[in-house]
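One gets our numbering by counting positions in the sequence shown from 1 and adding 48 to each. By construction, the Cβ of each residue, glycine as well, lies at the ideal position given by its N, Cα and C atoms. Computed from a prediction, not measured in an experiment: that's the story for all the values here.
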Amino acid sequence: MARLRARLHGGDIYGAARELERDPTEILDFSASINPLGPSPQVWKAITAFRHLLSHYPDPNCWDLRQALATFWRIDPEQIVVGNGSTELIEALPRALGIHRLLVVQPTFSEYTAAMVRAGGQATALFADRSDQYAIPIDRLCHVMEAGRHDGRSIDGIVLCHPNSPTGQACSAEDIARLAKAARRRGLWLVIDEAFAEYCPDRSVLPHAASWPHVVVLRSMTKFYALPGLRVGYAVATRITTRRLQRQLPPWSVSAMGQVAALAAVTDMGHARKSLRFMERERERLRALLVALPGCVVMPTQANYFLLELPRGRQARDVTEQLRSTGLLIRDCSSVPGMNSRSIRLAVRSVQDNDRIVQAIAHLLHQGVS
Ligand SMILES: Cc1ncc(COP(=O)(O)O)c(C=O)c1O
Numbered sequence: 049m050a051r052l053r054a055r056l057h058g059g060d061i062y063g064a065a066r067e068l069e070r071d072p073t074e075i076l077d078f079s080a081s082i083n084p085l086g087p088s089p090q091v092w093k094a095i096t097a098f099r100h101l102l103s104h105y106p107d108p109n110c111w112d113l114r115q116a117l118a119t120f121w122r123i124d125p126e127q128i129v130v131g132n133g134s135t136e137l138i139e140a141l142p143r144a145l146g147i148h149r150l151l152v153v154q155p156t157f158s159e160y161t162a163a164m165v166r167a168g169g170q171a172t173a174l175f176a177d178r179s180d181q182y183a184i185p186i187d188r189l190c191h192v193m194e195a196g197r198h199d200g201r202s203i204d205g206i207v208l209c210h211p212n213s214p215t216g217q218a219c220s221a222e223d224i225a226r227l228a229k230a231a232r233r234r235g236l237w238l239v240i241d242e243a244f245a246e247y248c249p250d251r252s253v254l255p256h257a258a259s260w261p262h263v264v265v266l267r268s269m270t271k272f273y274a275l276p277g278l279r280v281g282y283a284v285a286t287r288i289t290t291r292r293l294q295r296q297l298p299p300w301s302v303s304a305m306g307q308v309a310a311l312a313a314v315t316d317m318g319h320a321r322k323s324l325r326f327m328e329r330e331r332e333r334l335r336a337l338l339v340a341l342p343g344c345v346v347m348p349t350q351a352n353y354f355l356l357e358l359p360r361g362r363q364a365r366d367v368t369e370q371l372r373s374t375g376l377l378i379r380d381c382s383s384v385p386g387m388n389s390r391s392i393r394l395a396v397r398s399v400q401d402n403d404r405i406v407q408a409i410a411h412l413l414h415q416g417v418s
């Protein structure tokens, strides 16, 4: 069957299920990093209680959700724009902010570059070093921001995924503040994608972003809140910037159920605490299992996934395909600019699922799949 989209992203359980002639729910997906505890129980209740909204257009202003997010972050609701996933906001940003040349800190999520190209602009890359475990090159970034130029040409802004996917790296909130100051001095845009920042809240700059001109912070309801199928994300920026962004979005892009579910999710603090506690424990347990795989290198992470390098002589692509044929999806990162051919990303899932993937990888490595 023809594939309309290359496998740029994780999470395509449907494609795998068709190939394997299985039901999508039988696919075990480590390629998208979603909270293994699933959505808050309040989300299920809210969806049932508000199901009558399906026969109405959704609120085009996402009023209730923006109020709830504003209360959560103690900011003005006018400083929040909600989109059909943060992907829709990433798509709109180049046009909304008038960015023609964007510096992307690689290796990272591919949509920043893809959106720039679709908008008719250009993306240029600054690479984190493998030898430094892909730590965010904050001093080099500040330098570029101060100069307003990269590779001999001027730039309009920088996008930074923080914590970064697929590397798991994050720097301190103070370092991001330095970058934001440089952005302000130079009049350049700084876009911080905090899609995974719920897992390292003290590194987030969202609480400050609302008062920093030239800064946009993106959040997603997909990962920590486990709502990938509903497509909700939001941006926080100054009021002038959110108005510019909102103007680029189509009407009713956020569904009624997406709004209802996101509101229920952000207001359930109990589920959030439980999710964080689980992740702290299980991430360490999984790390120990991965570190014990002979020849594998496990990168440090601040998020709910691990970047893992397979032993020398093994190829991420082959291991990914082998696992896929057994219904286990992982993310092959060998085509991510700046990564080597042995790089894979694994989501942290339930105890049982994590044991299963480690055993499957150990088995393949033992068998000698190249
Ligand atoms: C770093 C990062 N940002 C943004 C997104 C988009 O998330 P969504 O559109 O589901 O909010 C993803 C999805 O994989 C991601 O990995």
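Simplified DSSP state of residue i, which is helix, strand or coil
| i | result |
| --- | --- |
| residue 187 | helix |
| residue 57 | coil |
| residue 217 | coil |
| residue 100 | helix |
| residue 134 | helix |
| residue 50 | Per-residue confidence for residue 50 stands at a pLDDT of 46, beneath the threshold of 50, marking its modelled position as unreliable; the derived number appears in the next sentence. Residue state, collapsed to three classes: coil. |
| residue 360 | coil |
| residue 403 | helix |
| residue 365 | helix |
| residue 380 | strand |
| residue 70 | coil |
| residue 122 | coil |
| residue 418 | At residue 418 the pLDDT is 46, less than 50, meaning the model places this residue with poor confidence; the figure from the coordinates comes in the next sentence. Three-state DSSP puts residue 418 in coil, outside helix and strand. |
Burial state of residue i (16 or more Cβ within 10 Å)
| i | result |
| --- | --- |
| residue 385 | exposed |
| residue 120 | exposed |
| residue 67 | exposed |
| residue 93 | exposed |
| residue 418 | Any answer about residue 418 is weak, because its pLDDT of 46 lies below 50 and its placement is not dependable; what the coordinates show is given next. By the 10 Å Cβ count, residue 418 comes out exposed. |
| residue 224 | buried |
| residue 399 | exposed |
| residue 407 | exposed |
| residue 260 | buried |
| residue 105 | exposed |
| residue 288 | exposed |
| residue 127 | buried |
| residue 262 | buried |
| residue 291 | exposed |
| residue 342 | exposed |
| residue 372 | buried |
Beta-carbon proximity list for residue i, same chain, < 8 Å, skipping 5 on both sides
| i | result |
| --- | --- |
| residue 192 | 151, 174, 198, 203, 206 |
| residue 50 | Below a pLDDT of 50, predicted positions are generally treated as unreliable, and residue 50, at 46, falls in that range; the measurement from the model is reported next regardless. Answer for residue 50: no residue qualifies. |
| residue 176 | 153, 154, 155, 182, 183, 184, 185, 212, 215, 217, 386 |
| residue 363 | 382, 389, 390, 418 |
| residue 298 | none |
Beta strand (DSSP E) segment containing residue i, residue limits
| i | result |
| --- | --- |
| residue 241 | 237 to 241 |
| residue 172 | 170 to 175 |
| residue 131 | 128 to 131 |
| residue 154 | 149 to 154 |
| residue 357 | 353 to 357 |
| residue 80 | Here residue 80 belongs to no beta strand (DSSP E), and DSSP marks it neither H nor E. |
| residue 207 | 205 to 209 |
| residue 393 | 391 to 395 |
Opening and closing residue of the alpha helix (DSSP H) in which residue i lies
| i | result |
| --- | --- |
| residue 182 | Segment: none, residue 182 is in no alpha helix (DSSP H) and carries neither H nor E. |
| residue 162 | 159 to 166 |
Same chain, Cβ closer than 6 Å to residue i, five either side skipped, listed in chain order
| i | result |
| --- | --- |
| residue 123 | 258 |
| residue 86 | 274 |
| residue 245 | 252 |
| residue 90 | 312, 316 |
| residue 209 | 156, 157, 241 |
| residue 170 | 149 |
| residue 330 | 396 |
Residues near residue i by beta carbon distance below 7 Å, same chain, minus five either side
| i | result |
| --- | --- |
| residue 113 | 130, 307, 310, 311 |
* **Unbroken stretches of the alpha helix (DSSP H), 4 residues or longer, contained in the region 286 to 351** => Inside the region 286 to 351, DSSP marks whole alpha helix (DSSP H) runs of 4 or more residues at positions 287 to 295, 304 to 314, 317 to 339, from first to last along the chain.
* To do: Any chance you could list the alpha helix (DSSP H) runs of at least 4 consecutive residues sitting entirely within the region 244 to 290, in chain order?
  => With a minimum length of 4 residues, the continuous alpha helix (DSSP H) runs that stay inside the region 244 to 290 are 254 to 257.
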